[in-house]
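Right, one structure below, let's go through it.
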Amino acid sequence: DTGVSQDPRHKITKRGQNVTFRCDPISEHNRLYWYRQTLGQGPEFLTYFQNEAQLEKSRLLSDRFSAERPKGSFSTLEIQRTEQGDSAMYLCASTLVFGLAAHNEQFFGPGTRLTVL
Amino acid sequence: TQLLEQSPQFLSIQEGENLTVYCNSSSVFSSLQWYRQEPGEGPVLLVTVVTGGEVKKLKRLTFQFGDARKDSSLHITAAQPGDTGLYLCAGENSSGYSTLTFGKGTMLLVSP
């Protein structure tokens with residue numbers, strides 16, 4: 068399977084704990100995005116990387132959220148001191164962007180469902 | 013902030029019926045994409061429309077981009093139970109860094 072993969076698929080944690088999610092993009096894709104999706108809503112953009120550079124992180128929900136893509140391949144999203152309001156589906160997407168004419172067709176992973184008790 | 017409004021929010025129909033769902037905004041987008049999402053899974057890209065007035069067909073699905081590139085519609089002919097899912101539209105902004113703004117989606121349920 069050469070699609071976007073995410074691990075774990077489900078995570079249950081207690082309030083106050085830290086959690087880390089991993090995303091493996093399609094291998095030749097240079098851009099990687101993180102989204103959060105709550106029930107009844109569309110995906111909400113959090114941050115994205117072009118190769119290893121994090122180009123936009125102002126939309127991360129708070130300073131408890133951070134993301135890395137150290138070698139320009141897989142990425143991790145960490146949430147520190149989780150709160151019940153963090154319960155959501157966290158989606159990763161990747162795309163190959165080159166030149167100015169490309170359109171941002173993103174390929175999504177299956178998501179990580181986080182439940183904070 | 014660019015917002016996309018989708019309507020209806022929920023649609024329940026019988027197999028064989030036709031339907032249209034809408035995606036509207038006051039903002040201009042450089043492209044607009046439609047995705048379908050099944051429960052517990054990530055969205056899957058159906059189509060990208062780029063040019064104002066563009067119409068694309070994907071089997072029984074017809075997608076149209078408004079002339080002003082602010083709105084779009086998805087028409088499904090002879091719906092089947094396999095069409096059940098959340099249909100999301102996403103607009104790519106025209107300037108600055110390239111990200112997608114998603115609508116809340118239309119949940120479609122097609123009953124046999």
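Sequences listed follow chains A and W, in order. The C-terminal position of the first sequence is numbered 184 in my numbering, with every residue numbered one higher than the one before it. The C-terminal position of the second sequence is numbered 124 in my numbering, with every residue numbered one higher than the one before it. Backbone N, C-alpha and C fix where the C-beta goes; we use that ideal spot for every residue, glycine too.
* To do: Measure the C-alpha to C-alpha separation of Ser-129/A and Gly-109/A and round it to an integer number of angstroms.
  => The residue given as residue 129/A occupies position 62 in the first sequence. The residue given as residue 109/A occupies position 42 in the first sequence. Computed Cα separation, rounded: 19 Å.
* Among the residues of its own chain, which have a CB less than 7 Å from the CB of Leu-99/A, if the five just before and after it don't count? -> For the purposes of this step, residue 99/A is identified with residue 32 of the first sequence, where counting begins at 1. Same-chain partners within the cutoff: Cys-90, Pro-92, Tyr-115, Phe-116, Arg-136, Ser-142, Cys-159 and Ser-161.
* Asked: Quick check: the region 63-79 of chain W against the region 14-26 of chain W, are there 3 or more CB pairs under 8 Å?
  -> no
* Per-residue contacts from Pro-137/A into chain W (C-beta, under 7 Å) -> Residue numbering aside, residue 137/A sits at position 70 when the first sequence is read from its first letter. Near Pro-137/A there are no residues of chain W at all, since even the closest Cβ is about 21 Å away, more than 7 Å.
* Closer than 9 Å to chain W by CB, Gln-108/A -> Taking the first residue of the first sequence as 1, we reach residue 108/A at position 41. So yes, Gln-108/A belongs to the interface.
* **Simplified DSSP assignment, three categories, for Gly-176/A** => Position 109 of the first sequence, counting from 1, holds the residue named residue 176/A. Coil at Gly-176/A, not helix or strand.
* Asked: Smallest Cα separation from Leu-122/A: which of Thr-111/W, Gly-117/W and Thr-89/W?
  -> What you label residue 122/A is simply residue 55 of the first sequence in a count that begins at 1. Comparing Cα-Cα distances from Leu-122/A to each of Thr-111/W, Gly-117/W and Thr-89/W, the minimum goes to Thr-111/W.
* Asked: Would the region 85-96 of chain W and the region 81-90 of chain A be scored as touching if the rule is three or more Cβ pairs under 8 Å?
  -> no
* Asked: Secondary structure at Asp-153/A, three-state DSSP: helix, strand or coil?
  -> What you label residue 153/A is simply residue 86 of the first sequence in a count that begins at 1. In this structure, Asp-153/A counts as helix in the three-state DSSP scheme.
* To do: Spell out whether any CB of chain A is found under 9 Å from the CB atom of Ser-123/W.
  => Numbered from its first residue, the second sequence carries residue 123/W at position 111. No, Ser-123/W lies away from the interface with chain A (no Cβ there is under 9 Å from its Cβ).
* **Helix, strand or coil at Gly-83/A according to DSSP, with G and I counted as helix** => As a working note, residue 83/A is residue 16 in the first sequence. In this structure, Gly-83/A counts as coil in the three-state DSSP scheme.
* **beta strand (DSSP E) segment containing Ala-90/W, residue limits** => For this step, residue 90/W is matched to residue 78 along the second sequence. No beta strand (DSSP E) holds Ala-90/W; DSSP gives it neither H nor E.
* Identified DSSP bridge partners for Val-183/A -> As a working mapping, residue 183/A is identified with position 116 in the first sequence. DSSP lists Thr-80/A as partners of Val-183/A.
* With burial defined as no fewer than 16 other Cβ atoms inside 10 Å of the residue's Cβ, what is the status of Asp-83/W: buried or exposed? -> Position 71 of the second sequence, counting from 1, holds the residue named residue 83/W. The residue is buried, with at least 16 neighbouring Cβ atoms inside 10 Å.
* Is the beta carbon of Glu-111/A less than 9 Å from the beta carbon of Leu-163/A? -> Position 44 of the first sequence, counted from the start, is the residue given in the question as residue 111/A. Position 96 of the first sequence, counted from the start, is the residue given in the question as residue 163/A. The answer is no: Cβ separation not under 9 Å.
* If you measure from the beta carbon of Ser-84/W to each beta carbon in chain A, is any gap under 9 Å? -> As a working note, residue 84/W is residue 72 in the second sequence. It does not; no Cβ of chain A falls within 9 Å.
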